[in-house]
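To keep things clear, I will list the structure first and then write my remarks on it.
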Amino acid sequence: MNSNLSARILLILVVLTATGAITAHASARESLRVPDLAVVNVSVAALWAKPGIARPVDAPAVSATPNIRLWFSRMTIPQQQWLVGRLQTQVLFGAAVRILQRQGAWARVAVENQPTQLNPAGYPGWLPASQLTGNLSLLTVRKSHPVAIVTRPSAWLKDPQTNDHRIEVSYATRLSVVGTRRSSYVIATPASGRLTVDRSAVSVYSSLGAIPRPSRAQLVAAARMFLGVRYLWGGTSAFGVDCSGLTHTVYARFGIVIPRDADRQALAGKAVARSVLRPGDLLFFAGRGGTGFIHHVGMYIGGGQMIEAPDIGLRVRIAPAFTDEYAGGRRYL
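Counting the sequence shown from 1 gives a position; the numbering used here is that position plus 224.
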């Protein structure tokens, strides 16, 4: 980051301190009304098809302070299979959502940066309202502050005084920078005051719109970071990911919004013939002979290979790109 940008960050920090634009401990329980905006106040929030359907094994995912690693580690393969059609998607820390409905302790929301035909406002689903905050000061700060994108599989947000680990966030999480330290950035959070993140864990840009267009090598390198991550139906994080969640998140890291689901990703971008595919293009798979409903997507990496999140019980891997279910490729750059 250049010296002018560093100076700008320092100036912003002084202004914010003087004006109190973000309080150190904003309330995470401000009233949430329909159809208000809200902000995800946890590391990764799971969105469900219906409110209150979570099982006892899902307790770590639906608490006010979810632990996705613990949740996933406790589930058997049959318990993971139960999630099909019940877990809709996941939303990363600090993301804005629109509240569509309230039912008891649950809220139905639409995720603005996950396009879908299911709702024009964004991908819909239910989550515990305790995982949201109605404090929208972060959205105001985001408009005028540099953005830090997490570029490691995960990163810890730390207490600025004690350096204690507070929140573990996933790859591609977007953070707002309000100050600098020797080896870290000071981050504004939705409702936990200011925390820090290691400089080595993020890439910083003056704004979201200033993120450079990625090279194909950068797209492939980003996808490779997920190698070994376990498949999770509905997953969009480095703690667990499904096939379209992988491709959606890799592009999102570079500020490129593509549809959330594989069948809709197959309709976006530009169709590309097999003979001219390039690394970073997405490959789609349907029934035998490549016909019928699109059920899978992977990222082409060249040499007849792709990176994919294959199925429940498996991990993100490199695999042959062209099977008898290959249905075509799309390009988004």
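For glycine and all other residues, C-beta sits at the position ideal for the given N, C-alpha and C.
Limits of the alpha helix (DSSP H) - the one that residue i falls within
| i | result |
| --- | --- |
| PHE296 | 292 to 298 |
| ASP422 | Note, ASP422: premise wrong, no alpha helix (DSSP H); beta strand (DSSP E) at 418 to 422. |
| ILE373 | Note, ILE373: premise wrong, no alpha helix (DSSP H); beta strand (DSSP E) at 371 to 374. |
| ALA486 | 486 to 489 |
Cutoff 8 Å; reference residue i; Cβ partners in own chain excluding five residues on either side
| i | result |
| --- | --- |
| PHE517 | ASP487, ALA510 and GLY511 |
| TYR524 | LEU501, ARG502, PRO503, GLY504, ASP505, LEU506, LEU507, MET530, ALA545 and GLY553 |
| ALA497 | GLY553 |
Cut-off 7 Å between Cβ atoms - residues of its own chain near residue i, not counting five sequence neighbours on either side
| i | result |
| --- | --- |
| LEU311 | ALA270, TRP272, TRP457 and GLY458 |
| ARG448 | ILE531 |
| ASP548 | ARG512 and GLY513 |
| VAL481 | ASN337 and PRO339 |
| GLU392 | SER267, SER378 and TRP380 |
Contacting residues, own chain, Cβ-Cβ under 6 Å from residue i (five flanking each side not counted)
| i | result |
| --- | --- |
| TYR347 | THR313, VAL335, GLN338, THR340 and ARG484 |
| VAL286 | ALA278 and PRO352 |
| VAL321 | ALA262, VAL333 and VAL335 |
| GLY469 | GLY459 and THR460 |
Beta strand (DSSP E) segment containing residue i, residue limits
| i | result |
| --- | --- |
| ILE518 | Where ILE518 is concerned, there is no enclosing beta strand (DSSP E), given that its DSSP letter is neither H nor E. |
| TYR475 | Here TYR475 belongs to no beta strand (DSSP E); instead the alpha helix (DSSP H) covers 467 to 477. |
| ARG322 | 320 to 327 |
Minimum C-alpha distance to residue i - residue among the options
| i | options | result |
| --- | --- | --- |
| SER378 | ALA441, ARG477 and ALA285 | ARG477 |
| TYR429 | SER368, GLN385, ARG322 and SER394 | SER368 |
| VAL268 | GLN355, PRO438 and ILE277 | GLN355 |
| THR293 | SER394, LYS274, TYR550 and VAL333 | Note that residue 293 is Arg in the sequence shown here, rather than Thr. Nearest C-alpha to ARG293: SER394. |
| LEU432 | PRO284, ASP383 and GLY479 | GLY479 |
| LEU381 | VAL281, ALA441, GLY349 and VAL266 | VAL266 |
| SER499 | VAL402, LEU316, GLY527 and LEU342 | GLY527 |
| ASP282 | PHE450, LEU307, VAL263 and ALA262 | LEU307 |
Beta-ladder partner(s) of residue i, from DSSP
| i | result |
| --- | --- |
| GLU392 | TRP380 |
| GLY552 | PHE508 |
| VAL540 | None, per the DSSP bridge assignment. |
| GLN529 | GLY526 and PRO544 |
| VAL401 | ILE411 |
| THR357 | VAL263 |
Any chain D beta carbon closer than 8 Å to residue i
| i | result |
| --- | --- |
| SER361 | In the displayed structure, chain D is absent; only one protein chain is listed. |
(message) For the pair the stretch 355 to 365 and the stretch 402 to 419, tell me if three or more CB-CB distances fall below 8 Å.
(response) Yes, since at least three Cβ pairs between the stretch 355 to 365 and the stretch 402 to 419 fall closer than 8 Å, the two stretches touch.
(message) When you compare the stretch 370 to 377 with the stretch 293 to 300, are there three or more beta-carbon pairs, one atom per stretch, that lie closer than 8 Å?
(response) As far as the Cβ criterion goes, the stretch 370 to 377 does not touch the stretch 293 to 300, which means the pair count is below three.
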